[in-house]
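These protein sequence lines map, in sequence, to chains A and B.
Numbering-wise, our numbering puts 18 at position 7 of the first sequence, and it's gapless, one number per residue.
Numbering-wise, our numbering puts 623 at position 105 of the second sequence, and it's gapless, one number per residue.
Positions of the beta carbon are idealized from the N, C-alpha and C atoms, including for glycine.
I have placed the structure first, in the form of structure tokens, so that the comments after it can refer back to it.
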Amino acid sequence: MKITEQKDADRLICLIEGEINITHSPELRKFFDGLIKKNETKVLVDFSAVSYIDSSGLATLIEMYQRLKKIGGLMRCSGMNQKIKNTFEITKLHKLFDIFDTRESALKDF
Amino acid sequence: MNLLEKLSSDLNSVPRCIDSVINKVRQLPFNEEQLHDIKLSLEEALVNAIKHGNKLDLRLSVSVSAESSDNALAITVTDQGKGYDFKNVPDPTNAANLSKLSGRGVFLIHNRMDKVEFLSGGCSIKMIKYFKNGVDK
């Protein structure tokens, strides 16, 4: 898994590449810790290069969503492939997260 | 196809085991979506066995067997823990559970595989995937 961050005005875009699984989730959690410490409050998670996510990955995203919510921040998700989108839908997490087809539409929503 | 793997209760051993099983499963007539479902279910079962079954006790091991028949693949993951009440697992899709950080593994397995059975008081999970989606479900 590789994470690239990019600043767009007051929004922080995280491009995640590869698999978000039990071995990579701690690294993602650590990355999110860093964003909270840097007071990033508008976070877009770009899934366009994510090929796989398991329940530990979902938990890591929920945790970040809750931490941002607590400090008045916002989290948006974009670019999920059909397999990832389906995992969010069957777990009903699409009701918790704001999911957009493209990065552009997600950025407009902040 | 017939395979038997044993791994320690170390989460770092999960990817190697998954790669080994999936490399063999690739020889079977599954499409990419089905392979994704099998990989996800196997990972969830292994993590549950190591974390919740064996409670990360490195003295305990987890065994994985995979066997194919004419129309299906059966994967069984067995831990050396005390089992659990698999009949009373909270539904993670209930609104009250949606924000919880755990409890989705078994739900995903049920959703991705065609048949799921718990054996030995929950120490063992048998997951079946048919080559054609849902046949004999």
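- The straight-line gap separating the alpha-carbon atoms of residue 593 (chain B) and residue 76 (chain A) is approximately 34 Å.
- Residue 15 (chain A) is bridged by DSSP to A:26.
- Residues of the segment 27–41 of chain A that bring their beta carbon within less than 8 Å of a beta carbon in chain B comprise 32, 33 and 34, in sequence order.
- Using beta-carbon distances, residue 74 (chain A) counts as an interface residue toward chain B, with a partner under 7 Å.
- Here residue 19 (chain A) is exposed: its Cβ has fewer than 16 other Cβ atoms, across all protein chains shown, within 10 Å.
- With contacts defined as CB atoms closer than 7 Å, residue 533 (chain B) and residue 649 (chain B) fail to qualify as a contacting pair.
- For residue 521 (chain B), there is no enclosing alpha helix (DSSP H); the enclosing beta strand (DSSP E) has its first and last residue at 520–526.
- If you look at residue 57 (chain A), you'll find it in the beta strand (DSSP E) that goes 53–64.
- Annotation: residue 635 (chain B) has no Cβ neighbours in chain A at a cutoff of 9 Å; minimum Cβ distance is about 20 Å.
- Within chain B, the C-beta atoms nearer than 8 Å to that of residue 102 (chain A) come from 610, 611, 622, 625 and 626, in chain order.
- For residue 523 (chain B), the nearest beta carbon of chain A is not closer than 7 Å to its own beta carbon.
- Taking residue 104 (chain A) as the centre and dropping the five residues before and after it, the same chain places the C-beta of 69 closer than 7 Å to its C-beta, in chain order.
- Distance between residue 520 (chain B) and residue 583 (chain B), taken at the CA atoms: about 8 Å.
- Separation of residue 556 (chain B) and residue 48 (chain A) (C-alpha to C-alpha, rounded to the nearest whole angstrom) is 38 Å.
- Residue nearest to residue 597 (chain B) within the set B:589, B:549, B:612 and B:574 is B:574 (criterion: CA-CA distance).
- Counting only residues of its own chain and dropping the five nearest sequence neighbours on each side, residue 586 (chain B) has a CB closer than 6 Å to the CB of 519 and 546.
- According to DSSP, residue pairing for residue 592 (chain B) in a beta bridge involves B:585 and B:646.
- In the structure shown, residue 600 (chain B) adopts coil according to DSSP, grouped into three states.
- Of the residues assessed, residue 82 (chain A) falls on the exposed side of the cut-off, its CB having fewer than 16 other CB atoms within 10 angstroms.
- Taken in chain order, the complete alpha helix (DSSP H) segments of 4 or more residues contained in the segment 527–566 of chain B are 532–543 and 550–566.
- For residue 562 (chain B), a Cβ of chain A is located within less than 7 Å of the residue's own Cβ.
- For residue 533 (chain B), at least one C-beta of chain A is nearer than 7 Å to its own C-beta.
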